[in-house]
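S.K.: Quick one: this structure, given as structure tokens, is what I'll be asking you about.
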Amino acid sequence: MVSKQRVFSGVQPTGKLHLGNYIGALKQWADHQDEYDNIFCVVDLHAITIPEAINPKLFRAKILEVAALYIACGIDPAKSTIFLQSQVPEHSELAWVLNCLTPLGWLQRMTQFKDKAGKSDSIGTGLLDYPVLMAADILLYDTQKVPVGEDQKQHIEFTRDLAQRLNTMFPEAKLVMPAPMIPPAGARVMGLDDPTVKMSKSIGETKKGHSVGLLDTPGDIKKAIMSAQTDSDNEARFDHCGPGVRNLLDLYLVLSGLSKHEIEEKFHGQGYGALKKGVLEQVMAAVEPVQARFNELTKDQAYLEETLRQGADRARGIAASTLKRVKEAIGFVV
Ligand code: TYM
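With numbering that gives the first Met the number 0, letter number 39 in the sequence shown gets 38, and the count goes up by one each step, no holes.
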């Protein structure tokens, strides 16, 4: 029997999880769950790279919220390993080893670092180092596929470069080369209030109408979608529209499963109001079962914590064996 390919991915427990996270990541993970050997991590160590945002009580609640959302979005703990990054210390240890092999210039060039650093007066070293920890996450599990949104592509290229460098210097490390798995549509869901910026967890937390949060009320979801920015035209066509309409069309495409042609026919001559209503129906059909399952899970904290404990046990087993291989290849006494 051919063994299944290994998939690894993660979400940071920060801000308000939204439709972009769902379509770019969580839905993809759930949809392909049976085809792969899946490991999904709540990357809580990454979440402290912007330390000013941390409130210990809220942070703890957010970590558990994101883990529950994984399950609520359809990740089945019987088929996929779900765990918290900080419960598997091998992530930090491999990150240190990789740090020592990473040229500083590689990190200074990363676009997400430049974006985030530009918005803050004081930058922690962790923010610069973020891609190294992400590379450790991926390489520890001999990952072949990384299902993510488009914004993570550069981080995965960085991971590949680093794996190549380590394998060249220490061939016995035998790190596996990962490839990104980016959905054909919905890989970059844009802000509803401003379709020139990516839908974002942090903006969504402070600005109403920017995103659809997976745990938002039906009223807030309706308001956000019905007031989404469009343009002065009124014909919904994929190859002939502004970025706001394109964003709505893409959302409809991914969530309905219809073809572009069928969608254009459906909304032909009806104006953008009908398109927004259509998107709202699709979004509600996706979000309602997620919220129902999430509400059930919050009543059973013991189940969630036990699932995470079992997930961490399995993850630790795999991670420890990869780390041992890397340390031996470098010459450590293991
Ligand atoms: P994070 O927490 O920012 O986002 C989680 C996932 O959601 C995707 N995403 C989007 N997809 C489509 N449209 C959007 N507007 C949108 N916004 C976010 C992201 O691409 C991501 O897949 N660095 C990662 C976390 C991470 C990780 C890893 C991922 C740490 N280690 C190892 C994969 C493998 C991040 O910040 O994701």
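Cβ coordinates follow ideal geometry from the N, Cα and C atoms, glycine included.
Owing to the predicted nature of the structure, the values given are computational and were not obtained by experimental measurement.
#1: Could you tell me the alpha carbon to alpha carbon distance between Q4 and Y140, rounded to whole angstroms?
#2: Less than 9 Å between the C-beta atoms of I38 and F82, yes or no?
#3: Please list the segments of the alpha helix (DSSP H) lying wholly inside the stretch 208-253, counting only runs of 4 or more residues, in order along the chain.
#4: If you follow the beta strand (DSSP E) that S8 is part of, which residue opens it and which one closes it?
#5: Whether or not the stretch 170-184 and the stretch 11-20 are in contact is what I'm after, with contact meaning three or more pairs of Cβ atoms, one per stretch, closer than 8 Å; do they touch?
#6: Taking only the alpha-carbon atoms, compute the straight-line gap between H267 and A162 and give it to the nearest angstrom.
#7: I'd like to know whether the C-beta atoms of G185 and G23 end up nearer to each other than 9 Å.
#8: Hey, is the stretch 69-89 in contact with the stretch 27-34, meaning 3+ C-beta pairs nearer than 8 Å?
#9: Check G41 in the structure and name its three-state DSSP category.
#10: Should L213 be listed as close to the ligand TYM, given that the test is whether its C-beta is under 8 Å from any heavy atom?
#11: Give, in chain order, every unbroken run of the alpha helix (DSSP H) that is at least 4 residues long and sits entirely within the stretch 262-298.
#12: Do you know offhand how far S199's Cα is from D150's?
#13: To which residues of the same chain is G190 closer than 6 Å at the C-beta, ignoring the five residues directly before and after it?
#14: Using DSSP's beta-bridge definition, name the partner residues of K144.
#15: For the ligand GDP, any of its heavy atoms closer than 8 Å to the Cβ of P146?
#16: Would the stretch 63-76 and the stretch 277-293 be scored as touching if the rule is three or more Cβ pairs under 8 Å?
#17: Could you check what DSSP says for S201 in three-state terms: helix, strand or coil?
M.R.: In short:
#1: Within the sequence shown, numbered from 1, the residue matching residue 4 stands at position 5. Within the sequence shown, numbered from 1, the residue matching residue 140 stands at position 141. Their Cα atoms are separated by approximately 11 Å.
#2: As a first step, residue 38 must be located in the sequence shown, where it is residue number 39. As a first step, residue 82 must be located in the sequence shown, where it is residue number 83. The answer is yes: Cβ separation under 9 Å.
#3: 217-225
#4: Along the sequence shown, one-based indexing puts residue 8 at 9. From DSSP, the beta strand (DSSP E) with S8 extends over 5-10.
#5: no
#6: Translated into the one-based positions of the sequence shown, residue 267 becomes position 268. Translated into the one-based positions of the sequence shown, residue 162 becomes position 163. Each residue's Cα considered, the two are about 50 Å apart.
#7: Here residue 185 is taken as the residue at index 186 of the sequence shown, counted from 1. Here residue 23 is taken as the residue at index 24 of the sequence shown, counted from 1. Cβ distance < 9 Å, so G185 and G23 count as in contact.
#8: yes
#9: If you number the sequence shown from 1, residue 41 lands on position 42. In the sequence as presented, Gly is not what sits at residue 41; that position holds Val. Strand, per DSSP.
#10: On the sequence shown, residue 213 is found 214 positions in, with the first residue counted as 1. No - the ligand TYM has no heavy atom lying nearer than 8 Å to the Cβ of L213.
#11: Inside the stretch 262-298, DSSP marks whole alpha helix (DSSP H) runs of 4 or more residues at positions 270-297, from first to last along the chain.
#12: Sequence index remark: in the sequence shown, residue 199 carries index 200 (1-based). Sequence index remark: in the sequence shown, residue 150 carries index 151 (1-based). If you take the alpha carbons of S199 and D150, they lie about 11 Å apart.
#13: As a working mapping, residue 190 is identified with position 191 in the sequence shown. So the list reads V196, M198, H209, once near-sequence residues are dropped.
#14: Your numbering for residue 144 matches position 145 in the sequence shown. The partner list for K144 (beta bridge, DSSP) reads V6, A178.
#15: Of the ligands one can find in the structure shown, namely the ligand TYM, none is the ligand GDP.
#16: yes
#17: Here the question's residue 201 lines up with position 202 in the sequence shown. Three-state result, S201: helix.
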